[in-house]
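Engineer: Quick one: the structure is below, questions incoming.
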Amino acid sequence: MSGVIRVLHQSPAVVGQFSAQLEALNWDATTAQHQNATEADVRRALAKPKRDINDFAALISPAAKPFINQMVAESERLTLQRFGKTVSLFAPLYLSNTCANECTYCGFSMSNAIKRLTLDEEQVEREIAAIKQKGFDHILLVTGETKKVSMPYFERMLPLFKPAFSQLSMEVQPLEMEEYAQLKELGLDGVLVYQETYRRSTYLEHHLRGNKSDFNHRLDAPDRIGQAKVHKTGLGVLLGLDDWRTDSIMMAHHLRHLQKRYWRSRFSVAFPRIRPCAGGIVPKSVISDLELVQLIAAWRLFDADLEMSLSTRESPEFRNHAARMGFTTMSAESKTQPGGYAEDAKEALEQFEVSDERSVTEIANAIRAQGREVVWKDWDISFNM
1 MSGVIRVLHQ SPAVVGQFSA QLEALNWDAT TAQHQNATEA DVRRALAKPK RDINDFAALI
61 SPAAKPFINQ MVAESERLTL QRFGKTVSLF APLYLSNTCA NECTYCGFSM SNAIKRLTLD
121 EEQVEREIAA IKQKGFDHIL LVTGETKKVS MPYFERMLPL FKPAFSQLSM EVQPLEMEEY
181 AQLKELGLDG VLVYQETYRR STYLEHHLRG NKSDFNHRLD APDRIGQAKV HKTGLGVLLG
241 LDDWRTDSIM MAHHLRHLQK RYWRSRFSVA FPRIRPCAGG IVPKSVISDL ELVQLIAAWR
301 LFDADLEMSL STRESPEFRN HAARMGFTTM SAESKTQPGG YAEDAKEALE QFEVSDERSV
361 TEIANAIRAQ GREVVWKDWD ISFNM
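The opening position of the sequence shown corresponds to residue 1 in UniProt numbering, with each subsequent residue numbered one higher.
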């Protein structure tokens, strides 16, 4: 990156929340964990019934590559034991591509000269009808990050979705604890907040303007979600912004922190790789398909109860084997621009290119071909009252 990096004032680390813990974690020392792992470390990790973060570092290390087949087999066994022969499908719905952030890897960045669209109530109703027609009962609401699409907008829109869907999740700008609690009362079941990278210097290189440039405020959002007693929290890093192994170990620390404090909550992880988009970047740390399989299996071996989600960023060939790797949730027939399902906005820019463009019927058939059952929801509304 060149030029001066302009960032907003950074929130201080919050005592008792993960921002304070991260300050005590050294990036270089964490990198050494996976770089220095040996075959003996991998064998030791594979032999243990329960694995800690040191074991996780060994399992994602270069030393573990000869053991990937064994790891995948164990991942499948643990997934079947915990979740059965089921894979849940969901649809992401982009409510707005308006954004006040400048992020180097995202097509929604404010400096991109694109058509912007925020759906109104009538357009949302058309999207709901189009998505329900495809069979979905779990929806993920996604927006860019801007004050124009914030709590007043969410308060208007969530009541439209809850009667139509048994499970309602959001991936929007970080909010305050009281706001998450308010949205929970309106029917919110889960929140996804991806940190993108846990290396502060790299984070600031790629988040140049807007509220997202506040590293600590975003980092502590999952703590606020837990304090609001939202049912599920989703974590993720954008694989490729920095060393994907080190970022994954940092996220493992983050997960354990949250599990200890908010033990009544459920947690999920996702594995987005940098995809082409308008104004996009070249990944700093490329993760191959084989390495991604290794990472996925390592997460399942690290935590058998963890929900794992795979998006349509990945190719059909890769996703055809998702269930055997350990995934429990997949998106299908995704549209990454506002109004994409009802075709209200054919010219609106997508956030990123979709690799798996198959219909939901084709994806469901591919899942069944793996010996799995497709489920459209994983709990009833009454369970979250």
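For glycine and all other residues, C-beta sits at the position ideal for the given N, C-alpha and C.
1) May I ask you to verify whether the segment 185-195 touches the segment 159-174, counting CB pairs closer than 8 Å and requiring at least 3?
2) Would W244 and S285 qualify as a contact pair, given that the criterion is a beta-carbon distance under 7 Å?
3) What is the DSSP secondary structure of Y153, reduced to helix, strand or coil?
4) Quick check: Y105 and I281, are their CB atoms within less than 7 Å of each other?
5) If we call anything under 7 Å between Cβ atoms a contact, is Q33 one with A57?
6) Taking the continuous beta strand (DSSP E) assigned at S248, which residues delimit it?
7) Between which two residues does the alpha helix (DSSP H) holding Y94 run?
8) Where does C277 land, buried or exposed, given buried means 16+ other C-beta within 10 angstroms?
9) Looking at S43: is its Cβ nearer than 7 Å to the Cβ of F302?
10) Does A270 come out as helix, strand or coil in the three-state DSSP assignment?
11) Could you tell me which residues DSSP puts in a beta bridge with T361?
12) Could you tell me how far apart the beta carbons of F90 and T329 are, in whole angstroms, since I believe they sit closer than 8 Å?
13) Enumerated in chain order, which unbroken segments of the beta strand (DSSP E) with a length of 3 residues or greater are wholly contained in the segment 154-199?
14) Using the DSSP secondary-structure output, state which residues sit across from G234 in a beta bridge.
15) Residues in its own chain within less than 6 Å of R199 by CB, not counting five upstream and five downstream?
16) Could you give the residue range of the alpha helix (DSSP H) that holds H34?
17) DSSP has E373 in a bridge; who is on the other side?
18) DSSP state of S288, grouped into three classes?
19) Please go through the same chain and pick out, in chain order, the residues whose beta-carbon is closer than 7 Å to the beta-carbon of E102, but skip the five residues on each side of it.
20) In angstroms, rounded to a whole number, what distance separates the CA positions of Q259 and Q173?
21) Please name the residue or residues paired with M308 in a DSSP beta bridge.
22) Can you tell me which residues form a DSSP beta bridge with L239?
23) Here's a check: name, in chain order, each residue in its chain whose Cβ is nearer than 7 Å to the Cβ of A348, leaving out the five neighbours to either side.
24) In angstroms, rounded to a whole number, what distance separates the CA positions of C99 and K134?
25) Would DSSP call L22 helix, strand or coil?
26) Relative to the C-alpha of S84, which residue among D305, S334, Y194 and E125 is closest?
27) Which partner residues does E102 have in the DSSP bridge list?
Structural biologist: Short version:
1) Yes, since at least three Cβ pairs between the segment 185-195 and the segment 159-174 fall closer than 8 Å, the two stretches touch.
2) In terms of Cβ geometry, W244 and S285 form a close pair [threshold 7 Å].
3) Three-state result, Y153: helix.
4) Closer than 7 Å, so yes.
5) A contact, by the Cβ cut-off of 7 Å.
6) It is not in any beta strand (DSSP E) - S248 instead sits in the alpha helix (DSSP H) that spans W244 to R261.
7) Unbroken run through Y94 is the beta strand (DSSP E), T86 to S96; no alpha helix (DSSP H).
8) Note that C277 scores 49 on pLDDT, short of 50, meaning its location in the model is unreliable and no value can be drawn from it.
9) Note on residue identity: the sequence assigns Arg, not Ser, to residue 43. The beta carbons of R43 and F302 sit no closer together than 7 Å.
10) Residue state for A270 is assigned as strand, using DSSP reduced to three classes.
11) Partner(s): none; T361 has no beta bridge.
12) The Cβ separation is near 6 Å, so the contact holds.
13) The qualifying runs are 167-171 and 190-192.
14) Among the bridge pairs identified by DSSP, G234 is matched with L192 and S268.
15) Non-local C-beta neighbours of R199 in its own chain, meaning closer than 6 Å and more than five positions away in sequence, comprise W27 and D242, ordered along the chain.
16) W27 to Q35 is the extent of the alpha helix (DSSP H) around H34.
17) DSSP, once it has assigned bridges, lists T86 as partnering E373.
18) In this structure, S288 counts as coil in the three-state DSSP scheme.
19) S109, M110, S111, L208, R209 and G210.
20) Cα-Cα distance, rounded: 22 Å.
21) When DSSP reads this structure, M308 sits in a beta bridge with V269.
22) In the DSSP assignment, L239 forms a beta bridge with R273.
23) Because the pLDDT at A348 is just 47, under 50, the model does not fix this residue reliably, and the value given afterwards should be weighed accordingly. The answer, listed in chain order, is N97, K115, L117, Q337, P338 and G339.
24) C-alpha separation (whole angstroms): 29 Å.
25) The three-state secondary structure of L22, taken from DSSP, is helix.
26) Strictly speaking, residue 84 in this sequence is Gly, with Ser absent from that position. Among D305, S334, Y194 and E125, the Cα nearest to that of G84 is on D305.
27) Note: E102 sits in a beta bridge opposite R209.
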